[in-house]
Amino acid sequence: MAPDSALLPDSLLLNGREFRYADIQQYPANSPTDLNGYEARVLDFCRQWLNGAQEFGLQTSGSTGLPQRVTMTRQQLAASARRTGDYFDLGPGDRMLVCLNCEFVSGLMMLVRAFERRMHLTIVEPQADPLALVPAGAAFDFTSFVPLQLRAVLAAGHAPRLNRLKGILVGGAAVEKSLEQEIQQLQVPVYLTYGMTETASHIALRRLNGPEVTPYYHVLSGIHVGQDERGCLTIRADVTQGQLITTNDRVNLRDAHTFEWLGRADFVINSGGVKVQAEKVEQVLEVALMELGLRCRAFVAGRPDERLGEQVTAFLEGEPLAPAQQQQLQALLSQRLDKYEQPRDFVFVPQFQATPSGKLDRRTTLEMVRW
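So the sequence shown is numbered by the UniProt record's numbering: it starts at 1 and just counts up by one.
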């Protein structure tokens with residue numbers, strides 16, 4: 001049955017204010033004069049999309065290198081939106097909450113999905129608990145969070161509101177083990193995303209909760225993946241305009257539709273001729289910190305060493321641990337990691353650096369540290 005045209009959106013909500021599509025198409029002529037910078041940039045993208053623009057400039061996050069501007073076509077963005085819409089059965093009249101930064105692909109693609117599927121749009125400026133910005137009675141069918149937001153939403157007691165959704169996407173950063181445990185209380189399907197700006201957001205999803213929880217990413221229909229000689233993922237699809245994209249992500253490719261993410265090729269540490277994947281050590285370190293009740297962020301990288309070439313080093317955010325705590329931490333790591341995987345040193349950094357999109361900026365953080 002065709003949806004009632006009266007139920008289809010002709011406006012959106014942005015930070016609690018209604019903006020009619022007809023007025024947005026004339027933006028900024030019919031817009032309020034008291035818009036903040038973020039609101040103005042969101043409305044400008046909406047104007048371009050509603051008026052049929054064919055090319056869009058997107059900013060990469062800068063999590064693995066310097067941020068850069070890439071150009072994507074309308075067809076690429078629409079193809080990505082169609083896949084997500086089909087996967088989650090999103091359709092006309094459904095309600096979308098957009099609380100990611102719309103200046104990057106993750107948030108911008110939420111807008112495109114809503115426009116392409118004729119969904120009702122509620123957009124709020126990114127903050128830790130975005131549900132605090134919308135009325136308690138407001139209901140939604142789909143949304144996406146970064147891990148920090150999902151943790152804050154659960155801490156605020158919003159789980160019952162989330163369980164009314166068709167699905168939740170989580171991306172932009174690693175999901176800590178402690179957050180994965182919290183997610184198990186949710187009945188709504190929660191998926192970790194894999195993708196990048198150059199693929200117009202995610203091309204694969206990994207279920208984080210429920211009976212279908214899995215360590216493997218499921219590739220969406222029409223996406224063709226493979227591996228290069230390094231074991232890194234390659235991607236070809238309409239969202240890449242048929243071009244082969246070679247990533248720096250090492251994967252275990254189980255078949256044409258599923259893969260396990262192992263870590264970044266540029267995060268491999270060569271210690272005494274043994275190649276150590278930094279992310280594997282980080283996962284063990286994260287669990288050990290959690291078990292000891294130490295809530296601090298950490299990452300692992302190679303530190304120059306005359307004998308080994310590189311030594312595995314753990315970088316922890318905040319003040320140095322007490323000697324007894326550090327000894328407990330080292331003891332746990334020695335039980336759970338191979339000899340060459342164990343961090344040989346712990347470096348304490350007052351505050352980690354972040355990219356413009358809020359991700360951990362390892363490169364800049366490491367540049368701050370005096371070797």
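Don't be surprised by glycine CBs; every beta carbon is placed ideally from N, CA and C.
Just so it is clear, the structure is predicted and the values come from calculations on it, not from any experiment.
Within 8 Å, strictly: CB atoms of residue i and residue j
| i | j | result |
| --- | --- | --- |
| residue 290 | residue 178 | yes |
| residue 239 | residue 200 | yes |
| residue 115 | residue 167 | no |
| residue 278 | residue 267 | yes |
| residue 318 | residue 348 | yes |
| residue 152 | residue 360 | no |
| residue 297 | residue 352 | yes |
| residue 122 | residue 134 | yes |
| residue 333 | residue 284 | yes |
| residue 272 | residue 308 | yes |
| residue 341 | residue 281 | yes |
| residue 77 | residue 45 | no |
| residue 43 | residue 21 | no |
| residue 83 | residue 53 | no |
| residue 58 | residue 108 | yes |
| residue 164 | residue 139 | yes |
| residue 254 | residue 194 | no |
| residue 247 | residue 233 | yes |
| residue 325 | residue 292 | yes |
| residue 372 | residue 50 | Given that the chain is displayed from residue 1 to residue 371, the structure contains no residue 372 and the question cannot be resolved. |
| residue 224 | residue 206 | no |
| residue 210 | residue 189 | yes |
| residue 186 | residue 159 | yes |
| residue 70 | residue 197 | yes |
| residue 95 | residue 141 | yes |
| residue 176 | residue 154 | no |
| residue 441 | residue 329 | For residue 441 there is no data in the structure shown, the boundaries of the chain being 1 and 371. |
Residues that DSSP places opposite residue i in a beta bridge
| i | result |
| --- | --- |
| residue 311 | 303 |
| residue 317 | 349 |
| residue 182 | None, per the DSSP bridge assignment. |
| residue 143 | 97 and 168 |
| residue 298 | 316 |
| residue 14 | 17 and 123 |
| residue 354 | 360 |
| residue 190 | 168 |
Where the beta strand (DSSP E) containing residue i begins and where it ends
| i | result |
| --- | --- |
| residue 59 | 55-59 |
| residue 69 | 69-73 |
| residue 17 | 17-20 |
Where the alpha helix (DSSP H) containing residue i begins and where it ends
| i | result |
| --- | --- |
| residue 124 | Per DSSP, residue 124 belongs to no alpha helix (DSSP H) and is neither H nor E. |
| residue 368 | 362-368 |
| residue 336 | 323-336 |
| residue 115 | 105-117 |
| residue 160 | 159-162 |
| residue 45 | 37-50 |
Check: residue i C-beta below 7 Å from any heavy atom of the ligand GTP
| i | result |
| --- | --- |
| residue 287 | With respect to the ligand GTP, the structure shown offers nothing to examine, as it has no ligands at all. |
Checklist entry - Can at least three beta-carbon pairs, one atom from the stretch 127-146 and one from the stretch 95-105, be found at a separation below 8 Å? => result yes
Checklist entry - Mind pulling the beta strand (DSSP E) runs of 3 or more residues that sit fully within the stretch 193-279? => result 201-207, 217-219, 224-227, 232-236, 245-253, 258-264, 268-271 and 274-277
Item to check | Segment contact flag, the stretch 304-319 with the stretch 258-266, C-beta cutoff 8 Å, min 3 pairs | outcome: no
Next on the checklist: I'd like to know if the stretch 76-95 and the stretch 124-131 are in contact, where contact means that at least 3 CB-CB pairs between them fall below 8 Å.
Outcome noted: no
Checklist entry - Is it true that the stretch 213-228 meets the stretch 71-87, where meeting means three or more beta-carbon pairs spaced less than 8 Å apart? => result yes
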